[in-house]
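S.K.: Residue numbers (my numbering): 657 to 1133.
#1: I'd like the span of the alpha helix (DSSP H) that includes residue 729, first residue to last.
#2: If you draw a straight line from the C-alpha of residue 683 to the C-alpha of residue 668, how long is it?
#3: Per DSSP, which one or two residues make a beta bridge with residue 878?
#4: Got a sec, what are the start and stop residues for the beta strand (DSSP E) residue 851 sits in?
#5: Between 842, 822, 837, 892, which lies nearest to residue 856 when the distance is taken from Cα to Cα?
#6: Would you mind working out which of 905, 1056, 678 sits nearest residue 923, comparing C-alpha positions?
#7: Looking at the secondary structure, which residues open and close the beta strand (DSSP E) in which residue 885 lies?
#8: Helix, strand or coil: how does DSSP classify residue 1147 here?
#9: Mind checking residue 819: buried by the 16 CB within 10 Å criterion, or exposed?
#10: Can you tell me whether residue 812 is helix, strand or coil according to DSSP?
#11: For residue 939, collect the residues of the same chain with a Cβ closer than 7 Å to its Cβ; drop the 5 residues on either side in sequence, then sort them by chain order.
#12: Between the beta-carbon of residue 882 and the beta-carbon of residue 842, is there less than 9 Å?
#13: Contact check, residue 951 vs residue 737 under 8 Å by CB: the rounded distance?
#14: Quick check on this structure: which residue in 674, 783, 679, 1031 has the alpha carbon closest to the alpha carbon of residue 814?
#15: Do residue 998 and residue 1079 have their C-beta atoms closer together than 9 Å?
#16: Quick one: residues in its chain with C-beta nearer than 6 Å to the C-beta of residue 735, no 5 flanking neighbours on either side, listed in chain order?
#17: For residue 822, count neighbouring Cβ atoms within 10 angstroms of its own Cβ and tell me buried if that reaches 16, exposed if not.
#18: When you compare each of 898, 947, 946, 907 to residue 926 by their alpha carbons, which one comes out closest?
#19: Can you tell me the Cα-Cα spacing of residue 896 and residue 918, whole angstroms?
#20: Distance check for residue 663 and residue 698, CA to CA, integer angstroms please.
#21: What did DSSP end up calling residue 830 once you bin it into helix, strand or coil?
#22: State the start and end residues of the unbroken alpha helix (DSSP H) segment that holds residue 1065.
#23: When we look at the beta-carbon of residue 796 and count the other beta-carbons within 10 Å, is it buried (16 or more) or exposed?
#24: Return the residue from the list 768, 1082, 1036, 1084 that minimises the CA-CA distance to residue 1061.
#25: Figure out for me which residue from 1065, 771, 1064 has the closest Cα to the Cα of residue 851.
#26: My output table needs one value for residue 757: the three-state DSSP class, helix, strand or coil.
#27: Helix, strand or coil for residue 841 per DSSP?
#28: Give the single residue among 1074, 788, 690, 717 whose Cα lies nearest to the Cα of residue 840.
#29: Round the Cβ separation of residue 1058 and residue 1069 to the nearest angstrom and send it over; I've been treating them as touching at under 8 Å.
#30: Skipping 5 residues on each side, what residues in its chain have a beta carbon closer than 8 Å to that of residue 935?
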């Protein structure tokens, strides 16, 4: 979403870094470029004015206080990073849990914002953390809303309280109240109430949302907003804040190609934090919103923290330990191990998204966009078409075996050969590192195996010295 904005921020700072000593005129030029970029990204004018005023004042003050030899452009970059983080909310805000279960979360927002799918994502997120959520179907207006909630609830293994069929039938306030009572009787620790939306803010929508709010006294009201609707998101949020009130914001469709103004404006305008972000269609494309991480991505520094968290979730601890033990023991890395790693990578989601979290990803935009996501699937198909023996020992792969593997995976023999060649090269490199060598192309001191992981050489037996003085003299040289 922020690709265009990131590239323009990069351009502004590139101009500053190219200068030896930065003047106030250089800062003015960079801020003008940043201001233009924010306006083009559909950020609210008042937010842009406040942001640029702050970085202008702080940056120019720095010029007069920095000691000689200090990297001026980096100091100004730090100012922008800090203020951008503040615009996005300053720090992550977690759900406030009720002192006595269940914790009640009410979702509000316009139709089409993605509330129903979001309800399932939120339930799955907290179910994975040990909570026992239940979904309550209080959207009785939108066609098939109740059925959709039941389907997504089933997909994540979370029960759905849905006593009414919906499609205009039933009382949403009664359903919400009865849902809380049911959750208490079944000892659920969390209730997520899905409410009706409209195509626009209207009096009927507000009154229904207010009635549900008053009936269930939620611990948190989350306003769900489509990040792709730009300035309309701000107007809608303000209307809901004045009418129903809400405690936090959930941004959906952050993986879209919109300009991102909603994300950069909504907290500053409403005074409410962005608490969660939905970044894709998959149920797992959902997480807590970290302002500092989003600021880092916008400024081209990547999001290594989120990447590490996703890797930790995807890679099984026992598998990683087993692989490390094999490496230390000197055993070969096999195609079975490789397949296991590919499966884990697939759990982490789109490779394009993962690559986009790396520092400097903006400079690799074309390569990331052209990355063939299906290549991993094709590679897995080749490995899965091999027998256990073939995966353990590539030396048995003669011509007929390779032809069979190619047919079984729907690939060409040349594809099988290419995979085998690359894997054999990787095996050799791992052996070289394990034996204390270096990785080709690695900086000095960076390519070898850590001393603690090297296999210690067996102790040498001490030779006994001859008792004959003449022989002993020869032994001693």
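Even for Gly, the Cβ is constructed at its ideal location relative to N, Cα and C.
M.R.: Let me spell this out:
#1: Here the alpha helix (DSSP H) through residue 729 covers 728-743.
#2: For the pair residue 683 and residue 668, the Cα-to-Cα distance works out to about 9 Å.
#3: Looking at the DSSP output, residue 878 bridges to 763, 904.
#4: Counted as a single uninterrupted DSSP element, the beta strand (DSSP E) harbouring residue 851 occupies residues 846-851.
#5: Nearest to residue 856 by C-alpha distance, out of 842, 822, 837, 892, is 892.
#6: Comparing Cα positions, the closest option is 905.
#7: Counting along the chain, residue 885 falls outside any beta strand (DSSP E), and DSSP gives it neither H nor E.
#8: As displayed, the chain neither begins before 657 nor continues past 1133, which places residue 1147 out of reach and without an answer.
#9: With fewer than 16 Cβ atoms within 10 Å of its Cβ, residue 819 is classed as exposed.
#10: Correct three-state label for residue 812: coil.
#11: So the qualifying residues of the chain are 776, 777, 780, 811, 812.
#12: Not a contact, by the Cβ cut-off of 9 Å.
#13: Correct: roughly 6 Å between the Cβ atoms.
#14: When each option's Cα is compared against that of residue 814, the closest is 783.
#15: The Cβ atoms of residue 998 and residue 1079 do not sit closer than 9 Å to each other.
#16: Hits under 6 Å: 711, 714, 715.
#17: Residue 822 comes out buried.
#18: With distances taken between Cα atoms, residue 926 lies closest to 898.
#19: Each residue's Cα considered, the two are about 15 Å apart.
#20: Their backbone Cα atoms lie some 16 Å apart in a straight line.
#21: Judged by DSSP in its simplified three-state form, residue 830 adopts helix.
#22: In the DSSP assignment, residue 1065 falls within the alpha helix (DSSP H) that extends over 1055-1065.
#23: Looking at its Cβ environment, which holds 16 or more other Cβ atoms inside 10 Å, residue 796 is buried.
#24: Nearest of 768, 1082, 1036, 1084 to residue 1061, Cα basis: 1036.
#25: Of 1065, 771, 1064, the residue nearest in Cα terms is 771.
#26: Coil at residue 757, not helix or strand.
#27: In the three-state reduction of the DSSP assignment, residue 841 falls in the helix class.
#28: For the residues 1074, 788, 690, 717, the minimum Cα distance to residue 840 belongs to 788.
#29: About 5 Å separates the two Cβ atoms, so the contact holds.
#30: Around residue 935: 910, 911, 941, 942, 943, 1009.
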